[in-house]
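In our numbering, the protein residues as written are 304 to 417. Presented below is the structure to which this report refers.
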């Protein structure tokens, strides 16, 4: 699973910050690592630096191998809060997505191998 972090000009996107965010995403979605080819994190500040509530937007786009991308969005006051909320939503969405695939006849339940 490849993790790519994209930020707008109003969000700190230094290599150190991007590396930390990548680690959080990889750790949080590790269970799905073999089933995802790429996860893109898009962070933006809707208020362009002005102080307001829920102005940080985090959009996560996960690309299941051989499937169509799935997307979730979360707004919060801080980057960490937005990322945590988006990851929570993404885990729930992936659990449902892969659960439905695994429930089909002939598929192994998630995490099991032959």
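Cβ coordinates follow ideal geometry from the N, Cα and C atoms, glycine included.
- Rounded to whole angstroms, the separation of the alpha carbons of residue 361 and residue 371 is 20 angstroms.
- A distance below 7 angstroms between beta-carbons, with the five flanking residues on each side excluded, links residue 357 to the following residues of its chain, in chain order: 378, 379 and 380.
- Classified as exposed, residue 404 has fewer than 16 neighbouring CB atoms from the shown chains inside 10 Å of its CB.
- Residue 313 and residue 348 have their C-alpha atoms spaced approximately 6 angstroms apart.
- In the three-state scheme derived from DSSP, where H, G and I count as helix and E and B as strand, residue 332 is classed as coil.
- Per DSSP, reduced to three states, the secondary structure at residue 379 is strand.
- With a cutoff of 8 angstroms on beta-carbon distance, residue 343 and residue 307 are scored as near each other.
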